[in-house]
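Peer 1: Each protein sequence line maps, in turn, to chains A and B. Just remember that my numbering sits 213 ahead of the position in the first sequence, which is counted from 1. Just remember that my numbering sits 748 ahead of the position in the second sequence, which is counted from 1. Have a look at the structure that comes next, please.
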Amino acid sequence: NSLYTQDSGPRPMELIEIFKLFQVQFNRSYSSPAEYARRLDIFAHNLAQAQRLQEEDLGTAEFGMTPFSDLTEEEFGQLYGHQKIPERYPTVGKKVESEKWGES
Amino acid sequence: VPPTCDWRKATDIISPIKDQEKCNCCWAIAAADNIEALWRIRYRQIVDVSVQELLDCDRCGNGCTGGFVWDAYITVLNNSGLASEKDYPFQRHAKPHRCLAKKYKKVAWIQDFIMLSSNEQVIAGYLAAHGPITVTINMELLQHYQKGVIKATPSTCDPRYVNHSVLLVGFGKSKTEEGMQAEMTSSQSRKPRHPTPYWILKNSWGAHWGEKGYFRLHRGNNTCGITKYPFTARVGQPVKKLPVSCPP
């Protein structure tokens with residue numbers, strides 16, 4: 214049940230097929246066979262991670278393949294997060310007694 | 749506080765889902781979404797404000813490398829408003845030294861901005877009475893999210909570490925059938941037996957992500973730090989009765 218390719222090494226056939234679907238669905242191509250192999254590895258890891266989240270979640274959420282399934286957790290955080298932790302946020306003053314507009 | 753509230757059901761209040769692409773500008777988009785919704789509620793006027801102006805004119809010059817919603821509000825106050833998205837469109841990268849704020853007409857502005865209490869009941873009440881607000885959450889679980897209500901614990905989603913700003917647009921409870929279906933399709937006995945209270949959040953990763961660009965988080969246990977930074981702009985002068993109320 215595995216397929217050997219020079220680029221990516223032995224892989225379960227099903228995983229390669231799912232990755233192919235992912236590439237088509239989200240319009241992904243990779244610059245080299247090495248990059249393809251790396252992304253396939255990450256993709257496999259992420260599918261396992263999604264499965265784990267599915268089991269851990271206490272609500273009705275469903276986890277699985279998404280547009281970010283070929284990114285590492287670090288890459289995802291760097292690309293889509295804030296990239297910085299707030300050292301401070303604006304001081305929120307004491308609430309004034311009057312709600313009337315224009316009064317300080 | 750009403751039992752349910754969904755601002756998406758009110759006509760022309762919530763602007764279309766945006767896509768930040770590979771620009772760390774969730775903070776600017778969340779603030780823009782907040783101002784657009786409040787402006788539409790208050791003045792019944794459809795405006796799409798310039799996210800690019802928030803990136804180019806940010807006082808910290810961070811643009812696509814990250815920021816926080818309060819940076820965006822300060823930019824709006826400093827520039828006396830925002831240009832339209834049409835005049836000053838999103839370029840997917842910032843030009844921090846090329847702020848073009850003075851070049852274009854302002855289409856929306858704010859009076860000030862506030863941080864709400866970190867109490868989910870207070871947040872729900874404000875949301876229902878005044879309109880959508882911004883929150884900043886730990887986005888860890890969103891990488892693999894497809895649909896449904898995420899119910900995490902502090903160990904699976906640390907509420908102290910928040911790194912993604914989004915717009916809170918409503919709240920409700922999952923239908924019993926949804927909970928039952930989850931029970932039937934999962935071997936996990938921990939799945940909910942009762943309707944799950946949830947928040948409805950508008951993301952900035954395009955309409956093809958999640959539930960048509962939205963996602964839901966469990967309401968009531970500070971899931972993923974949702975109560976850490978609840979911020980909102982204030983548009984117009986205070987009035988006793990708002991022109992629109994949140995649809996159930």
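The beta-carbon is built from N, C-alpha and C at its ideal position, and this holds for glycine as well.
Got a sec: which bits of the segment 246-263 of chain A sit with their beta carbon under 9 Å from any beta carbon on chain B, in order along the chain?
Peer 2: So the list reads Asn259, Leu260, Gln262, Ala263, given in the order they occur along the chain.
Peer 1: Span of the alpha helix (DSSP H) holding Glu292(A)?
Peer 2: Within the first sequence, numbered from 1, the residue matching residue 292(A) stands at position 79. The sequence shown places Leu at residue 292(A), rather than the Glu named in the question. Counting along the chain, the alpha helix (DSSP H) containing Leu292(A) begins and ends at 286-293.
Peer 1: How many Å lie between Val237(A) and Leu260(A) at the Cα?
Peer 2: By one-based count along the first sequence, residue 237(A) stands at place 24. By one-based count along the first sequence, residue 260(A) stands at place 47. C-alpha separation (whole angstroms): 17 Å.
Peer 1: Quick check on DSSP: helix, strand or coil for Leu228(A)?
Peer 2: The sequence position of residue 228(A) within the first sequence is 15, counting from 1. The answer is helix: DSSP assigns Leu228(A) an H, G or I state.
Peer 1: Anyone know if the C-beta pair for Val897(B) and Ser922(B) falls short of 7 Å?
Peer 2: The sequence position of residue 897(B) within the second sequence is 149, counting from 1. The sequence position of residue 922(B) within the second sequence is 174, counting from 1. Closer than 7 Å, so yes.
Peer 1: What does DSSP give as the partner residues of Ser832(B) in its beta bridges?
Peer 2: In the second sequence, residue 832(B) corresponds to position 84, counting from 1. For Ser832(B), which the question treats as bridged, DSSP gives the partners Val797(B).
Peer 1: Rounded to the nearest angstrom, how far is the Cβ of Val855(B) from that of Leu830(B), given a contact under 8 Å?
Peer 2: For the purposes of this step, residue 855(B) is identified with residue 107 of the second sequence, where counting begins at 1. For the purposes of this step, residue 830(B) is identified with residue 82 of the second sequence, where counting begins at 1. Yes, Val855(B) and Leu830(B) are in contact; Cβ-Cβ is about 7 Å, under 8 Å.
Peer 1: Using only alpha-carbon positions, find the residue among Trp857(B), Ile822(B), Val824(B) that is nearest to Gln793(B).
Peer 2: On the second sequence, residue 793(B) is found 45 positions in, with the first residue counted as 1. The option with the nearest alpha carbon to Gln793(B) is Trp857(B).
Peer 1: Is Pro986(B) buried or exposed, if buried means 16 or more other CB atoms sit within 10 Å of its CB?
Peer 2: For the purposes of this step, residue 986(B) is taken as the residue at position 238 of the second sequence. Pro986(B) comes out exposed.
Peer 1: Spell out a yes or no on whether the segment 874-886 of chain B and the segment 964-978 of chain B are touching, meaning 3 or more CB-CB pairs, one atom from each, closer than 8 Å.
Peer 2: As far as the Cβ criterion goes, the segment 874-886 of chain B touches the segment 964-978 of chain B, which means the pair count is three or higher.
Peer 1: Note down, in chain order, all residues in the segment 273-284 of chain A with a beta-carbon under 9 Å from any beta-carbon belonging to chain B.
Peer 2: Residues Thr273, Ala274, Glu275, Phe276, Gly277, Met278, Thr279, Pro280, Phe281, Ser282, Leu284.
Peer 1: Cβ closer than 7 Å: which chain A residues qualify as neighbours of Gln894(B)?
Peer 2: Mapped onto the second sequence, residue 894(B) falls at position 146. Going along chain A in sequence order, the residues near Gln894(B) (Cβ under 7 Å) are Glu275, Phe276, Gly277, Thr279.
Peer 1: Distance cutoff 7 Å, beta carbons only. Does Glu287(A) sit that close to anything in chain B?
Peer 2: Here residue 287(A) refers to the residue found at position 74 of the first sequence. Cβ-Cβ to chain B under 7 Å: no for Glu287(A).
Peer 1: So what does Glu959(B) bridge to, in DSSP terms?
Peer 2: In the second sequence, counting from the first residue as 1, residue 959(B) sits at position 211. Paired residue(s): Tyr962(B).
Peer 1: Relative to the C-alpha of Ile231(A), which candidate in Glu248(A), Arg252(A), Ser244(A), Ala247(A) has its C-alpha closest?
Peer 2: Stepping through the first sequence from its first residue, residue 231(A) is reached at position 18. If we check each option's Cα against that of Ile231(A), Arg252(A) comes out closest.
Peer 1: List the residues of chain B whose Cβ lies closer than 9 Å to the Cβ of Tyr243(A), in chain order.
Peer 2: Counted from its first residue, the first sequence places residue 243(A) at position 30. In chain order: nothing, as chain B lies at least about 16 Å away.
Peer 1: Work out the CA separation of Ala872(B) and Trp818(B) for me, nearest whole Å.
Peer 2: In the second sequence, residue 818(B) corresponds to position 70, counting from 1. In the second sequence, residue 872(B) corresponds to position 124, counting from 1. Computed Cα separation, rounded: 21 Å.
Peer 1: Please check the pair Ile783(B) and Val983(B), which I expect to be a contact at CB under 8 Å, by giving their CB distance rounded to whole angstroms.
Peer 2: As a working mapping, residue 783(B) is identified with position 35 in the second sequence. As a working mapping, residue 983(B) is identified with position 235 in the second sequence. Yes, Ile783(B) and Val983(B) are in contact; Cβ-Cβ is about 7 Å, under 8 Å.
Peer 1: Going by alpha carbons, who is nearest to Lys233(A) out of Tyr293(A), Gln267(A), Phe256(A), Glu275(A)?
Peer 2: Within the first sequence, the letter at position 20 stands for residue 233(A). Closest by alpha carbon: Phe256(A).
Peer 1: Secondary structure at Arg254(A), three-state DSSP: helix, strand or coil?
Peer 2: Residue numbering aside, residue 254(A) sits at position 41 when the first sequence is read from its first letter. According to the sequence shown, residue 254(A) is Asp rather than Arg. If DSSP states are grouped into helix, strand and coil, Asp254(A) belongs with the helices.
Peer 1: Ordered along the chain, which non-local residues of its own chain (more than five positions away) have a Cβ less than 7 Å from that of Leu228(A)?
Peer 2: As a working mapping, residue 228(A) is identified with position 15 in the first sequence. Closer than 7 Å at the Cβ level, and outside the excluded window around Leu228(A), lie Ala257.
Peer 1: Run the CB neighbour count on Ala877(B), radius 10 Å, all protein chains shown included, and call it buried at 16 or more, exposed below.
Peer 2: Here residue 877(B) corresponds to residue number 129 of the second sequence, with the count starting at 1. Flag for Ala877(B) reads exposed.
Peer 1: Using only the alpha-carbon positions, how far apart do Asp760(B) and Pro996(B) sit?
Peer 2: In the second sequence, residue 760(B) corresponds to position 12, counting from 1. In the second sequence, residue 996(B) corresponds to position 248, counting from 1. Going from the Cα of Asp760(B) to the Cα of Pro996(B) covers about 16 Å.
Peer 1: Glu227(A) CB to nearest chain B CB: under 7 Å?
Peer 2: For this step, residue 227(A) is matched to residue 14 along the first sequence. Chain B contact via Cβ: absent.
Peer 1: State the DSSP-derived secondary structure class of Ile998(B), mapped to helix, strand or coil.
Peer 2: Outside the shown range of chain B (749 to 996) lies residue 998(B), about which nothing can therefore be said.
Peer 1: Would DSSP call Tyr243(A) helix, strand or coil?
Peer 2: Counting from one through the first sequence, the residue named residue 243(A) turns up at place 30. DSSP places Tyr243(A) in coil when its eight states are reduced to three.
Peer 1: Please give the ranges of any alpha helix (DSSP H) in the segment 834-910 of chain B, keeping only runs that are unbroken, at least 4 residues long and fully inside the region.
Peer 2: You should have 868-878.
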